Amino acid sequence: MSTEITTDVVVIGAGPCGLFAAFELGLLDIKCHFIDILDRPGGQCAELYPEKPIYDIPGFPVVTGQQLTDNLMAQIAPFSPQFHFSRMVNSIEKQEDGSFRLETDADEVFHCKVVVIAAGGGSFQPKRPPVDGIEQYENKSVFYAVRRMEDFRDQDVVIVGGGDSALDWTLNLEPIVRTLTLVHRRDAFKAAPASVNKMKELVAEGKINFQLGQIAKLDGDNGQINHVHLATEAGDLSIPATRLLPFFGLTMKLGPVSEWGLALNDNTIIVDTEKFETSVPGIFAIGDINSYPGKLKLILSGFHEAALMAQAAKKIISPDERVVFQYTTSSTKLQKKLGVA
Amino acid sequence: MKIIVTDQAGDVHELEGLDGWRVMEVIRDWGLNIKAECGGACSCATCHVYVDPTWLDAVGAPNDDEEDMLDTVGDVKSNSRLSCQILCGEALDGLAVTLAPSAAKD
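Written out as structure tokens, the structure is:
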């Protein structure tokens, strides 16, 4: 049975702009729940460039993606936003009373008055290697993650990649597979040195194979692969295989957003510049995922959009309440909400 | 300066490059099929190009960070570079690159 959750606002995407929306909403006494496909907050800042410096956040001459995320989490903590990670919103339906019903791929149903889409470049999905026809094998014999180790027992497994995921699963699966070949384009890895050393020991002991090269082609039928063809410096090499695990990291795809009935423009959601509301009243879009004349994909623009969106969301959630604009510096009321007065 | 870009469909485009711009930024601003999702931080490899062999020496080799990112695409060749890591300048006037399949937008 589905888990049912009722709240004021559901924010889709826990990147910097979504996180700051919880602050602006919180000042207006609006509660929110976050849904994000990643397993932690920060969005692109956490997934793509946690250690890279950002120089254009007002007031921070330099801050890394991870520091910015950590600071935003501390800033919104007084409002106790709820986080639902590692899931994706499949559908949004407007109800007769004007509220919304959202379903996730984790069998949850959210009921809320306002939806804020802060999904950046879309949802992070595994990068698909450029191999013709790979789709027909996906989730049958080609997997981008290990959900059940038993699916790999006594199989001939080929793992591709040179990062921690590739190395970790090489080490974890080795004891249960029939054969295992790790394929990487070069003899250097971006993974924990201990894992790389352990992998090299297993190769030296003859327990696994390591092959330099890139996947070129797959053979098989009915979704079941039987050979992986590699392009190597010595020419084409064919390896018998019943399971393939490519680990090439994540990339952003617009995903189900395109099916929610919102007016789009080149993979972005069209909004107005007063409220940052989409073509569906009550659904807002802020940050990199929206577009309007003059739009700049900057984190600081998303912060501004969050503030104006919150004012409009308040009017939907509490239509009869008179909102007095206040500053956190001088308002005791706001300071109490922040836990500092 | 000019850069010559062959897209994934084989069409050739001559683009005006600006000193100090990244080659990725020029290609993106001209609206060619480049995803460049991290915006030039050497963090995604979706601006992957093949550098014309005659330009390899002038462009130089990728650094360690760039090599690490190239691990995340499956169509690397010996002349692969990330176009966000190549700066436009007079020394590269006429630079020829081809957009890799892995740089394409969805």
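Line by line, the protein sequences are chains H and P.
The UniProt record's numbering puts the first residue of the first sequence at 1, with every later residue one more than the last.
The UniProt record's numbering puts the first residue of the second sequence at 1, with every later residue one more than the last.
We treat Cβ as the ideally placed atom computed from N, Cα and C, and that holds for glycine.
These numbers were taken from a predicted model, which means no experiment stands behind them.
query	result
Against C38 of chain P, what residues of chain H qualify as contacts under a CB-to-CB distance less than 9 Å, listed in chain order?	Q44, L48, Y49 and K52
Does the CB of G249 of chain H have a neighbour CB from chain P at under 8 Å?	yes
How would you call S141 of chain H, buried or exposed, if buried means at least 16 neighbouring beta carbons within 10 angstroms?	buried
Determine the chain H residues that contact S102 of chain P at a beta-carbon separation under 7 Å, and present them in chain order.	P130
Going by the beta-carbon positions, is the gap between S123 of chain H and G255 of chain H smaller than 8 Å?	yes
Taking N163 of chain H as the query, report the chain P residues whose CB atoms sit under 7 Å from its CB, ordered along the chain.	A small fix is needed here, since residue 163 of chain H is Gly in this sequence, not Asn. Chain P residues near G163 of chain H: D71.
Measuring CB to CB, does C17 of chain H end up less than 8 Å from G302 of chain H?	yes
Kindly give me the distance between the Cβ atoms of I12 of chain H and V89 of chain H, rounded to whole angstroms, as I take these residues to be in contact under 8 Å.	5 Å
In chain P, which residues lie less than 8 Å from Q67 of chain H when you measure between Cβ atoms?	Under the 8 Å cutoff, chain P gives no residues; its nearest Cβ is about 15 Å from Q67 of chain H.
State the CB to CB distance for the pair G249 of chain H and K333 of chain H, rounded to an integer number of angstroms; the pair is presumed to be in contact (CB under 8 Å).	Their Cβ separation, rounded to whole angstroms, is 46 Å, which puts G249 of chain H and K333 of chain H out of contact at 8 Å.
Please state if the CB of K35 of chain P and the CB of A100 of chain P are separated by a distance shorter than 8 Å.	no
Roughly how far, in whole angstroms, is the beta-carbon of E14 of chain P from the beta-carbon of I27 of chain P, given that I think they are within contact range, below 8 Å?	Not quite, the Cβ-Cβ distance comes to about 12 Å (not below 8 Å), so this is no contact.
Quick one: grab the DSSP three-state call for A252 of chain H.	Note that residue 252 of chain H is Met in the sequence shown, not Ala. Here M252 of chain H sits in strand by DSSP.
Let me confirm a value: L56 of chain P is counted as buried when at least 16 other C-beta atoms fall within 10 Å, else exposed. Which label applies?	exposed
Would you mind stating whether G65 of chain H and P50 of chain H have Cβ atoms separated by less than 8 Å?	yes
Any chance you could list the alpha helix (DSSP H) runs of at least 4 consecutive residues sitting entirely within the UniProt domain "2Fe-2S ferredoxin-type" (1 to 103) of chain P, in chain order?	23 to 29, 56 to 59 and 64 to 70
Grab the span of the alpha helix (DSSP H) containing K198 of chain H for me, first residue to last.	P193 to A204
Terminal residues of the continuous beta strand (DSSP E) containing residue 379 of chain H?	Nothing can be reported for residue 379 of chain H: it is not among the residues displayed for chain H, which extend from 1 to 341.
Contact criterion: CB-CB distance below 8 Å. Does K295 of chain H meet it with respect to chain P?	no
Just mark K207 of chain H as buried or exposed, buried being the case when its beta carbon has 16 or more other beta carbons within 10 Å.	exposed
Verify the CB distance criterion: does M252 of chain H have a CB-CB separation below 8 Å to chain P?	yes
When you compare only the Cα positions, how much space is there between L48 of chain H and R22 of chain P?	19 Å
Quick one: which unbroken beta strand (DSSP E) runs of 3-plus residues sit fully inside the segment 276 to 301 of chain H? Chain order, please.	283 to 285
If I follow the unbroken beta strand (DSSP E) through T268 of chain H, where does it start and stop?	T268 to I270
Whose C-beta lies closer than 6 Å to the C-beta of D7 of chain P among residues of the same chain, with five residues either side of it excluded?	L32, N33 and L99
Can you tell which of H:A234, H:I225, H:N222 and H:Q136 has the C-alpha that lies nearest to the C-alpha of L212 of chain H?	H:A234
May I ask which residues mark the beginning and end of the beta strand (DSSP E) holding K217 of chain H?	Q214 to D221
With I76 of chain H as the anchor, note down where its alpha helix (DSSP H) starts and where it stops.	G65 to I76
Of the residues P:G20, P:P53 and P:V12, which one's Cα is nearest the Cα of C88 of chain P?	P:G20
Go through the segment 76 to 143 of chain H residue by residue and report every complete run of the beta strand (DSSP E) that reaches 3 residues or more, in order.	82 to 84, 89 to 94, 100 to 104, 108 to 112, 114 to 117 and 123 to 126
Could you give the residue range of the alpha helix (DSSP H) that holds L25 of chain H?	P16 to L27
If you drop the 5 nearest sequence neighbours on each side, which residues of the same chain put their C-beta closer than 6 Å to that of F143 of chain H?	L245
If contact means a Cβ-Cβ distance below 7 Å, which residues of the segment 203 to 235 of chain H contact chain P?	Q214 and I215
Beta-carbon within less than 6 Å of D71 of chain P's beta-carbon, same chain only, minus the 5 sequence neighbours each way: which residues are those?	none
Measuring alpha carbon to alpha carbon, tell me which of H:F210, H:Q224, H:S238 and H:V196 ends up nearest A216 of chain H.	H:S238
Between which two residues does the beta strand (DSSP E) harbouring Q224 of chain H extend?	Q224 to T232
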